[in-house]
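Chains as they are written, first to last, in the numbering used here: chain S, 1 to 304; chain E, 305 to 1092. Beneath this line is the structure, given in structure tokens, with notes to follow.
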């Protein structure tokens, strides 16, 4: 199946700052793909490359099979895009901006827009500049989705939305994916992402650290906790890919990927470990494990 | 909490950074414009400079800062939303308002100081004539009045900036307010204050009590304005914002209902219609006000007749204001092209949706562009009582408005801060105007080429639109913009140069070789001829070309003996009578008799003798020239005018048939005429070839028959080559047609021939362009008739 979004060894730097380095990714159709990363990780740069606003220094990027470098305009016409600070003509009324925007899309846009704006409870007859931040965000989302695009790219889409609308909006993303549409969203709201995303990409300092289906990622990542008999004692690393290691008194904690079933076998009675447990990591745990620069990362991968 | 001085210092730091781009633009403008004016003047070979244009810049630029500072300091913060943020900080409103005024005031003083320094350097660096306006302005009263006006602008600007939330609305309101204040202060100061004082106490108006009282009144008025802007600033910073529309709306709490008004519109709009609607809606309030103001200015210019002398009424007195207002309206119409979408980068809306940049560019341009064209079309209408109101003048004026619009829409797109574009655009317009004046002063016939600049600037905004839409203007954007701006300035000039080079005639090697050979042969025979014949002394009195001789009635006492002596003189011509005396004899009998220097009975004889003298002069000079002892100048200055005067006044009533036949016989025959012309022309051409271009003043020149060639633009090598080649062409055509007869005056061929000479670059009153006209008259037929 042809990916909706494809990045192949994409590099981008601004002066001495590396924004993206060797980023490769293929996003299949019909998924909600969440791009996670701390501030300045390169999420917006990636989205700007995908929407053709920026050209990569090297590498290739395509969206809907079109090269982003050459067909930016074409891509932006085909997709729905809401930037982190959507520009709107604030002197227009919500109904006016819908009528105005409908000129650039197929028939049916206006009806869907009215439906969305009604669902979002945006008042009519009030200029956008007099609406609240959340209401303006709703208008921007309605404008980006009313033409039912194959791909929706959202940069921090739920910022400013109240919890009810946020939930309603996120559920509509799942519905879109169910209909075969693709959604790429960047967000800091990890708990929300966890609820709706099919795939997760974690970007850190311009490097795409991890790209996996959410369920697979979660099912393969564990938090292993070992209680030592002495606060000075050191336990061996658990088998699998240890992302981080931390210690709190007599307790040691690892975030581990690909933990084998028989992982406890390495800890004999002479290992100094009095208690061992493993629990499935949340997405937030995984995110922090990947992105926390202050975390201790054991180098070796232990095999059983 | 931060102490007062620290808060004030940081506010001043912030405001100084806000206003910095405007200060840089104005200072750069001051330096650049003076440099252009000085370099242009030097290139033009200006010998006597006037300080007037420099004074205009000196006054204009600081006042531009005074107009822009409040708009930048208040308007930019309003647009960026930072004024609202400042309201949330624990900072006193007095500090916010005070800091803005202090920064604006210090910037104004700084720019005045820089402008004064530059104009001072210019005034000592270039030798200029005395200028009454300069001495008035450089007095205490002059400087005080200029500072008063700048402060008036600044404080009024702050009043409007705090009064109106829209920065452009504030700028727009500033115009009528300043006009009203200017008119009022002018009337008040002159009619109500200085004139009554002057009548009551005959003292110097700018000195003594009236001046002091006027200063105190002015300061008082400024204090009132300062208090007003402070109060309005407080209101803006402290009072709750009012949104009348929000208050009127009762829909805020109700669920959304699709609006009936838009649903009734059949289907969705076309992209073109939607974009036109959006652009019209966002610029309509400002564009309407600007168009209205422009029309009022135009009517002011067109309908109010300007008396050439005498008392002027109020409208006539301030009519000069109408020009800058009209131009400012057109400049700001141009700025409106991209302004509405630049505010808070609203244009990203289009970029995010991949809407065609070409369509966006076109729809941005159309509404203000049509408004500008409508204003330009109105300028073509005839006006009341203006002697300069001709179709070409009006057409040029309309063209200027279109060029100004094109420059302004370019400035609107390339200025990062939307408000700044309203202030930078006039500076860029002045820059292009100076460049255009410096170019077309040399090449006035190429003025239509300026249309290329319009095309380049429109092309520039079209090409820059995708970048303007999709990214915050940064270095690559400005590099491109600078390139297009430079292209708009240089492409018309280069086009002119290319046209000049490509229309330069080709080099005529064979013809030139033949001409050199002919000239060499004549020169080789010259020593023998000089030996064979005594030289003829030619007095300057015989020269008939200078118009100065005809202005006064010359001395005609004892003219008959003088004429007889002149005829008897074998050694020279013009030693007894001058050409002006001969001409006076034929000008008006009444004048001659009235001045009682000549009796009636002698008049006929004097005229007959004068005809003989003219025939003698023509003959002698032509023979001298034919024998290579005279030059083209001699021929065209004596022989041609003498012959023309003779033929025009050859009247049978002036003597017996025998006497008249004798005169006719004295007239040089056709062969001598042709020979003298050919020799003179070839020798003049040869002398030209033997010269090198030499530098006089700041330009290069060469002489053809004592006339300067291409004095103004010959510093350009291709212009020198062009002048040389066209001289070859003009001389060749003249030489070829000497034998067969030059084209008759007013014929198409004659006009072509004249045009050819004008291309050489000789001065309009030169031999080549005016005196060759004598060669085209059909004297041969007239002489043949006389001889019969």
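The C-beta atom is built at its ideal place from N, Cα and C for all residues, glycine as well.
(message) Does the CB of residue 578 of chain E have a neighbour CB from chain S at under 7 Å?
(response) yes
(request) Give the secondary structure of residue 1 of chain S by DSSP, where H, G and I count as helix, E and B as strand, and everything else as coil. (result) Residue 1 of chain S: coil per DSSP, three-state reduction.
(request) Could you tell me whether any Cβ in chain E is nearer than 7 Å to the Cβ of residue 104 of chain S? (result) yes
(request) Grab me the residues of residue 423 of chain E's own chain with a C-beta within less than 6 Å of its C-beta, minus the 5 sequence neighbours each way, in chain order. (result) 358, 362
(message) What ranges does the beta strand (DSSP E) occupy inside the stretch 174–200 of chain S, keeping only unbroken runs of at least 3 residues that lie completely in it?
(response) 182–187
(message) Does any residue of chain E have a CB that is nearer than 7 Å to the CB of residue 327 of chain S?
(response) The structure shown does not extend to residue 327 of chain S, since chain S is modelled only from 1 to 304, so the question has no answer here.
(request) Could you tell me whether the Cβ of residue 81 of chain S comes closer than 7 Å to any Cβ of chain E? (result) yes
(message) In whole angstroms, give me the CA-to-CA distance for residue 397 of chain E and residue 655 of chain E.
(response) 39 Å
(message) What would DSSP say about residue 240 of chain S, mapped onto helix, strand or coil?
(response) strand
(message) Just to make sure I have the definition right: I need the residues of chain E whose C-beta is within less than 8 Å of the C-beta of residue 77 of chain S. Which are they?
(response) 657, 658, 659
(request) Tell me, please, whether the stretch 638–649 of chain E touches the stretch 714–728 of chain E by the rule of three or more beta-carbon pairs shorter than 8 Å. (result) yes
(request) Answer with yes or no whether the minimum CB distance from residue 779 of chain E to chain S is below 7 Å. (result) no
(message) Can you pull out the residues from the stretch 107–119 of chain S whose beta carbon lies closer than 8 Å to at least one beta carbon of chain E?
(response) 107, 109, 110, 114, 117, 118
(request) Would you kindly work out how many angstroms separate the C-alpha atoms of residue 881 of chain E and residue 1061 of chain E, rounded to a whole number? (result) 33 Å
(request) Check whether the Cβ atoms of residue 867 of chain E and residue 917 of chain E sit closer than 7 Å, and answer yes or no. (result) yes
(message) Quick check: the stretch 919–930 of chain E against the stretch 973–990 of chain E, are at least 3 beta-carbon pairs closer than 8 Å?
(response) yes
(message) Measuring straight from C-alpha to C-alpha, what distance separates residue 264 of chain E and residue 677 of chain E?
(response) Examination of residue 264 of chain E is not possible in this model, given that chain E is present from 305 through 1092 alone.
(message) Counting only C-beta atoms, is residue 717 of chain E closer than 7 Å to chain S at any point?
(response) no
(message) Taking the alpha carbon of residue 250 of chain S as the reference point, which residue from S/260, S/231, S/20 has its own alpha carbon closest?
(response) Minimum Cα distance to residue 250 of chain S is reached at S/231.
(message) Just verifying my parser: in three-state terms, what is the DSSP assignment at residue 719 of chain E?
(response) coil
(request) Output, in sequence order along the chain, the residues in the stretch 50–76 of chain S whose CB is closer than 9 Å to any CB in chain E. (result) 51, 52, 53, 54, 72, 73, 74, 75, 76
(message) Let me confirm a value: residue 707 of chain E is counted as buried when at least 16 other C-beta atoms fall within 10 Å, else exposed. Which label applies?
(response) buried
(request) Tell me, to the nearest whole angstrom, how far the beta carbon of residue 5 of chain S is from that of residue 184 of chain S; I am working on the premise that it is less than 8 Å. (result) 6 Å
(request) Sort E/765, E/632, E/818 by Cα distance to residue 730 of chain E and report the nearest one. (result) E/632
(request) Check distances from the C-beta atoms of the stretch 637–656 of chain E to those of chain S and list, in chain order, the residues that come in under 8 Å. (result) 648, 649, 650, 651, 652, 653, 655, 656
(request) Flag this pair as yes or no: are the beta carbons of residue 523 of chain E and residue 411 of chain E separated by less than 7 Å? (result) no
(message) Residues of the stretch 160–187 of chain S in Cβ contact with chain E at a cutoff of 9 Å, in chain order, please.
(response) none
(request) Tell me whether residue 987 of chain E is buried or exposed, calling it buried when 16 or more other Cβ atoms sit within 10 Å of its Cβ. (result) With 16 or more Cβ atoms within 10 Å of its Cβ, residue 987 of chain E is classed as buried.
(message) One question on the structure: do residue 875 of chain E and residue 841 of chain E come within less than 7 Å of each other, judged by their Cβ atoms?
(response) yes
(message) For residue 257 of chain S, report the span of its alpha helix (DSSP H) as first-last.
(response) Per DSSP, residue 257 of chain S belongs to no alpha helix (DSSP H); it is in the beta strand (DSSP E), 251–257.
(message) Using only the alpha-carbon positions, how far apart do residue 332 of chain E and residue 367 of chain E sit?
(response) Cα to Cα, residue 332 of chain E sits roughly 15 Å from residue 367 of chain E.
(request) Spell out whether any CB of chain E is found under 7 Å from the CB atom of residue 287 of chain S. (result) no
(message) DSSP three-state label for residue 1005 of chain E, please.
(response) strand
(request) Spell out whether any CB of chain S is found under 7 Å from the CB atom of residue 572 of chain E. (result) Yes, residue 572 of chain E lies at the interface with chain S (some Cβ there is under 7 Å from its Cβ).
(message) Using DSSP's beta-bridge definition, name the partner residues of residue 7 of chain S.
(response) S/25, S/61
(message) Please classify residue 996 of chain E as buried or exposed, where buried requires at least 16 neighbouring CB atoms within 10 angstroms.
(response) exposed
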